[in-house]
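Counting from 1, position 93 in the sequence shown corresponds to residue 158 in the numbering used here; the numbering is continuous, with no gaps. Worksheet for the structure shown next.
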Amino acid sequence: MKKILIVDDSPTIRKLINFILKKKNYIVTEAEDGVDAMEKLINTKIDLVIADLNMPNMDGIELVKSLRNSYYHLDTPIIMLTTTKDEELKKSALEAGVNLFLNKPIQPNLLLYKVESLLAGGE
Ligand SMILES: [Mg+2]
Numbered sequence: 066m067k068k069i070l071i072v073d074d075s076p077t078i079r080k081l082i083n084f085i086l087k088k089k090n091y092i093v094t095e096a097e098d099g100v101d102a103m104e105k106l107i108n109t110k111i112d113l114v115i116a117d118l119n120m121p122n123m124d125g126i127e128l129v130k131s132l133r134n135s136y137y138h139l140d141t142p143i144i145m146l147t148t149t150k151d152e153e154l155k156k157s158a159l160e161a162g163v164n165l166f167l168n169k170p171i172q173p174n175l176l177l178y179k180v181e182s183l184l185a186g187g188e
């Protein structure tokens, strides 16, 4: 099964996404910020990362930069969770290497569709 890492400082959002993904039998790991995520990803391959943009300690953009600098995560698909207030930051996130954005609140079916298509190698 495919392994997915959820990185968000909100336990409620992590729980929601975990619940949605587990229904499709994905193996889900959670991290509470970028630092926690990088610790959990040391020398480990993962199939897809879902990361919040706004987080303490290490935010989503810094996390994406770190991932793209790591041999193991050069091509790992990354979905970034954003709000409508984040418009200017999205450009930096894209430049850092985000594959696509999803706006909060999370729409379960859209999330699953995007995850499936990224894992299949599409957009
Ligand atoms: Mg947040």
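Here a beta-carbon is modelled for each residue, glycine too, at the ideal position from N, C-alpha and C.
Please classify residue i as buried or exposed, where buried requires at least 16 other C-beta atoms within 10 Å of its C-beta.
i: leucine 175; result: exposed
i: threonine 147; result: buried
i: alanine 116; result: buried
Is residue i close to ligand 1? I mean its beta-carbon at under 6 Å from any heavy atom of the ligand.
i: asparagine 90; result: no
i: asparagine 119; result: yes
i: aspartate 124; result: no
i: aspartate 101; result: no
i: aspartate 74; result: yes
Might you give, ordered along the chain, the residues of its own chain that have their beta carbon closer than 7 Å to the beta carbon of residue i, omitting 5 neighbours on each side?
i: serine 157; result: Ile126
i: threonine 149; result: Asn168
Residues in its own chain within less than 6 Å of residue i by CB, not counting five upstream and five downstream?
i: valine 163; result: Val129, Ile143 and Met145
i: serine 131; result: Met103
Would you list, in sequence order, the uninterrupted beta strand (DSSP E) runs of no fewer than 3 residues that lie entirely inside the region 141-165? 143-147
Do the region 106-113 and the region 128-142 meet, that is, are 3 or more Cβ pairs less than 8 Å apart? yes
Is the region 125-135 close to the region 75-87, with three or more CB pairs under 8 Å? no
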